[in-house]
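Novice:
There are 2 protein chains.
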Amino acid sequence: MATTLARASEAMAAAGVDALLLGPGADLRHLTGYHALALERLTLLVARADGRHTLLVPRLERPRAEAAGVPEGVELRDFAETDDPYALAAAALTDLPPRPTLGAGDRLWSTFLLGLQESIPAASWLRASTVTRALRMRKTSHEVEALRRAARAIDRVHAGVPRLLRPGRSEREVGRDIADRILAEGHERVNFVIVASGPNGASPHHETGARRLRAGDGVVVDIGGTMDGYCSDCTRDYVVGRSPEGYADAHTALEAAQEAACAAVRPGATAASVDAAARDLLTDAGYGDLFVHRTGHGIGLEEHEEPYIVAGNDLALEPGMTFSVEPGVYLPARFGQRIEDIVVVTDAGGERLNTLDRAPVAVGG
Amino acid sequence: MATTLARASEAMAAAGVDALLLGPGADLRHLTGYHALALERLTLLVARADGRHTLLVPRLERPRAEAAGVPEGVELRDFAETDDPYALAAAALTDLPPRPTLGAGDRLWSTFLLGLQESIPAASWLRASTVTRALRMRKTSHEVEALRRAARAIDRVHAGVPRLLRPGRSEREVGRDIADRILAEGHERVNFVIVASGPNGASPHHETGARRLRAGDGVVVDIGGTMDGYCSDCTRDYVVGRSPEGYADAHTALEAAQEAACAAVRPGATAASVDAAARDLLTDAGYGDLFVHRTGHGIGLEEHEEPYIVAGNDLALEPGMTFSVEPGVYLPARFGQRIEDIVVVTDAGGERLNTLDRAPVAVGG
């Protein structure tokens, strides 16, 4: 972990950033290994370009921080319920230039950023990801293996989904069973379970609800969890009984689009070009207007992180980057379809970590 | 909901705040009923003192926002993947005074606040809770009933805990069973499950782990979930077989302290005085230094919200306020104890929504 912090300090110095101020979340975990709770009490890593780091924690979190093993070179400081944590954060920066440039953790709550801005009024602020994104986007082989294990686990869950989908069962009942399976397959946490049946499938982030499955439904099942800190995320499509009109043709086009996007992954290709590979095929097939979202998102310690596979993102892909490739087709009031695999950029191209067949799976109707 | 938004506008005008900018979370849900997903794409309610409100959502979230039923008087605007949402937020404020005062949602991610600060450079920023705290702290009778139902549900879970605690079972195994029970009793979400056995109990936020229960353990079980949007949170203590040395005396003092704090709850009493009621008794009994946290936190749409029951908080309690009363005693390397009930301030004093007996429950050892 000391190495990761040292690399962060180098990146700060190169970017002209004096320090990063990071709350609970993926950056903190990446740099220190500490999985802090998101609380209304401030937990803050002050990571400096000059290598003098401080981790501020509420006193009652100190045992958890110590158990996590704070890396060498990080001073652990705790504060009592009635102390002012912003003054302590400012004190960890007093010897910096009078107008320091500071990076705020992207997901740090605004209540904390406003407190820090007030206590360090001369500072200029930018997003910590300006520095950390490059460190986090390119995964180590160890991280890729963690993502591979998580992908295999979620594939095992999908393999068991057909026997959970029966006419008359509600999305919510199916969703609970899937959540149990996500844990049983080795994840420590369920991040989301989307079971979007029939017309509900046309909302990409449909909230799994009371609707009961019936014959003729297309069902989008998009599920993910966290395993040893790294996220899984995979979508497959199911059909109860006979598929609805137009479903098979759309899915054939979608499979080709997802395949084309995966084939477009290689070092040097831009994120936007991967999006375009899927989008162009769907547009040619007449489904372009129904593909209402970007093609994918990075994945790692967070479910969604950089790089985003979206039009306009000219980032050149590099080996070790990991992201979803998940085009979808959404027919309002009728059905939705989405195919999602996690892909890792290799020297040779792209490798899919999810390997289950991508055709719609017919279940008893 | 229109009424809640109208009250918020009145409160903004009274506080000299031109608009609140709120992301996904409890304030948004309270004002609009919309339970938005926390995403890397901006979702933002621009709620104005003059009543001209805009809800900005990513295009693919529009179906969820529409299904939630955006209140009358709120213009729903969506944006495409490649649009600039900060420009849209600024556009919803262009007719305000040149140097507006804006409230940022307390839990809005810093990446969004920094984007907004850049696109609206002349604004002064404060925490949205400056305005919303008064609206959210005093619960309506409808909200109190929701908290009561959640409290009863978590009490039923605690009533079943003794049969889950057996020597040889790991904290994690027990925790999974409890999580299942939290859902089975009617919560839509498990918020946390702390099973802290033996010496682990001395860390108030211990992460439920691999340690196996053994005879002579004290076990702190602190659990909560969300039911119809409102949170439950209750802690009870259990002992496997014979209690460890010193345990019974400490718990007797703790029960008296928790009782005294609950008895101190009444309209007009300060939050600090409730904290002092528990702390003074524990200090007199010789356990003051071992009570390492505040006495409680508000609860409602969020697990932890205002008012905080802590030294220095001179807020006068009012009928309808709801919070935890949860003193604890922590003996490093030996055991911990905590008793937690949710209390609602009534005209007559305070009423505990959790009603299970508070003595340690002996389980088979």
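Chains as they are written, first to last, in our numbering: chain A, 694 to 1058; chain B, 694 to 1058. Cβ atoms here follow ideal geometry from the backbone N, Cα and C, with glycine treated the same way.
If the criterion is Cβ atoms closer than 8 Å, does the pair Val-912 (chain B) and Val-933 (chain B) meet it?
Specialist: For Val-912 (chain B) and Val-933 (chain B), yes; Cβs fall inside 8 Å.
Novice: Name the two residues that bound the continuous alpha helix (DSSP H) containing Ile-871 (chain B).
Specialist: Run containing Ile-871 (chain B): 864–877, per the alpha helix (DSSP H) assignment.
Novice: Cβ of Ile-887 (chain A) within 8 Å of Cβ of Gly-918 (chain A)?
Specialist: No, Cβ-Cβ distance for Ile-887 (chain A) and Gly-918 (chain A) is not below 8 Å.
Novice: For chain A, find out if any of its Cβ atoms is closer than 8 Å to the Cβ of Ser-863 (chain B); answer yes or no.
Specialist: No, no contact with chain A.
Novice: Anyone know if the C-beta pair for Val-1036 (chain B) and Cys-955 (chain B) falls short of 8 Å?
Specialist: Cβ atoms of Val-1036 (chain B) and Cys-955 (chain B): closer than 8 Å.
Novice: Let me confirm a value: Glu-838 (chain A) is counted as buried when at least 16 other C-beta atoms fall within 10 Å, else exposed. Which label applies?
Specialist: Exposed: under 16 other Cβ atoms inside 10 Å.
Novice: If you drop the 5 nearest sequence neighbours on each side, which residues of the same chain put their C-beta closer than 6 Å to that of Ala-970 (chain B)?
Specialist: Excluding residues within five positions, the ones whose Cβ falls inside 6 Å are Ala-953, Ala-954 and Ala-957.
Novice: Using a Cβ-Cβ distance cut-off of 8 Å, determine whether Thr-775 (chain A) contacts chain B.
Specialist: Interface residue, yes.
Novice: When the Cα atoms are used, what is the spatial distance from Thr-697 (chain A) to Asp-848 (chain A)?
Specialist: So the alpha carbons of these two residues sit roughly 31 Å apart.
Novice: What's the gap between the Cα of Gly-796 (chain A) and the Cα of Leu-786 (chain A)?
Specialist: If I take the Cα positions, the gap works out to 13 Å.
Novice: Near Leu-975 (chain A), which residues of its chain fall below 8 Å by C-beta distance, leaving aside the five closest residues on each side in sequence?
Specialist: So the list reads Ala-946, Leu-947, Ala-950, Gly-981, Leu-983, Phe-984, Pro-1020 and Val-1022, once near-sequence residues are dropped.
Novice: Assign Asn-1047 (chain B) to one of three DSSP states: helix, strand, or coil.
Specialist: If DSSP states are grouped into helix, strand and coil, Asn-1047 (chain B) belongs with coil.
Novice: Give the secondary structure of Leu-893 (chain B) by DSSP, where H, G and I count as helix, E and B as strand, and everything else as coil.
Specialist: Per the sequence shown, the amino acid found at residue 893 (chain B) is Asn instead of Leu. Of the three classes helix, strand and coil, the one that applies to Asn-893 (chain B) here is helix, per DSSP.
Novice: Provide the residue span of the beta strand (DSSP E) that contains Ser-1017 (chain A), from first to last.
Specialist: Here the beta strand (DSSP E) through Ser-1017 (chain A) covers 1015–1018.
Novice: Just to confirm, are Leu-994 (chain B) and Gly-894 (chain B) a CB contact at a threshold of 8 Å?
Specialist: Contact: no.
Novice: Helix, strand or coil, according to DSSP, for Leu-732 (chain A) in the structure here?
Specialist: In the structure shown, Leu-732 (chain A) sits in coil (DSSP, three-state: anything other than H, G, I, E or B).
Novice: Select from B:Asp-1040, B:Asp-1034 and B:Thr-823 the residue whose C-alpha is nearest the C-alpha of Thr-1048 (chain B).
Specialist: Selected option, being the one with the closest Cα: B:Asp-1034.
Novice: How would you list, in chain order, the residues of chain A whose beta-carbon sits under 7 Å from the beta-carbon of Glu-900 (chain B)?
Specialist: Those within 7 Å of Glu-900 (chain B) in chain A are Arg-757.
Novice: On the DSSP bridge list, what partners appear for Tyr-931 (chain A)?
Specialist: Beta-bridge pairing links Tyr-931 (chain A) to A:Val-912 and A:Val-1054.
Novice: If you draw a straight line from the alpha carbon of Gly-861 (chain A) to that of His-899 (chain A), how long is it in whole angstroms?
Specialist: Going by the C-alpha atoms only, they are around 19 Å apart.
Novice: Taking buried to mean at least 16 other C-beta atoms within 10 Å of its own C-beta, is Ser-1017 (chain A) buried or exposed?
Specialist: Label assigned to Ser-1017 (chain A): buried.
Novice: Any Cβ of chain B within less than 8 Å of the Cβ of Leu-730 (chain A)?
Specialist: Yes, Leu-730 (chain A) lies at the interface with chain B (some Cβ there is under 8 Å from its Cβ).
Novice: Measure from the C-beta of Glu-733 (chain B) to each C-beta in chain A and report whether the shortest distance is under 8 Å.
Specialist: So, interface residue.
Novice: Just to make sure I have the definition right: I need the residues of chain A whose C-beta is within less than 9 Å of the C-beta of Val-1003 (chain B). Which are they?
Specialist: Near Val-1003 (chain B) (Cβ distances below 9 Å), the residues of chain A are Glu-774 and Thr-775.
Novice: Counting only the same chain and skipping the five closest in sequence on each side, list residues whose C-beta sits under 6 Å from that of Met-705 (chain B).
Specialist: Around Met-705 (chain B): Ala-742 and Val-824.
Novice: Comparing the C-beta of Ala-953 (chain B) with each C-beta of chain A, is any distance below 8 Å?
Specialist: No, because no Cβ of chain A sits closer than 8 Å to the Cβ of Ala-953 (chain B).
Novice: Given a cut-off of 8 Å on the beta-carbon distance, is the pair Arg-757 (chain A) and Ser-817 (chain B) in contact?
Specialist: It is not a contact, given that the beta carbons lie outside the stated cut-off.
Novice: Please go through the same chain and pick out, in chain order, the residues whose beta-carbon is closer than 7 Å to the beta-carbon of Leu-1008 (chain B), but skip the five residues on each side of it.
Specialist: Contacts found: Thr-963, Ala-964 and Pro-1000.
Novice: Taking Arg-770 (chain A) as part of the alpha helix (DSSP H), name the residues at either end of that continuous run.
Specialist: Here Arg-770 (chain A) belongs to no alpha helix (DSSP H); instead the beta strand (DSSP E) covers 767–772.
Novice: Answer yes or no: do Ala-729 (chain A) and Pro-717 (chain A) have a C-beta to C-beta separation smaller than 8 Å?
Specialist: Going by C-beta atoms, Ala-729 (chain A) is nearer than 8 Å to Pro-717 (chain A).
Novice: Residue range of the alpha helix (DSSP H) that His-997 (chain A) falls in?
Specialist: From DSSP, His-997 (chain A) is part of no alpha helix (DSSP H); its letter is neither H nor E.
Novice: Among the residues of its own chain, which have a CB less than 8 Å from the CB of Ala-908 (chain B), if the five just before and after it don't count?
Specialist: Same-chain partners within the cutoff: Pro-860, Val-933, Gly-934, Arg-935 and Gly-1058.
Novice: Report the CB separation of Ala-903 (chain A) from Arg-865 (chain A) in whole angstroms; it is logged as a contact under 8 Å.
Specialist: Confirmed, about 6 Å.
Novice: What residues in the stretch 780–798 of chain A bring their beta carbon closer than 7 Å to a beta carbon of chain B?
Specialist: Per Cβ criterion, the list reads Ala-797 and Gly-798.
Novice: Tell me Asp-982 (chain B)'s beta-bridge partners as DSSP assigns them.
Specialist: Answer is none; Asp-982 (chain B) lacks a bridge partner.
Novice: Put Arg-882 (chain A) into one of helix, strand or coil per three-state DSSP.
Specialist: Strand.
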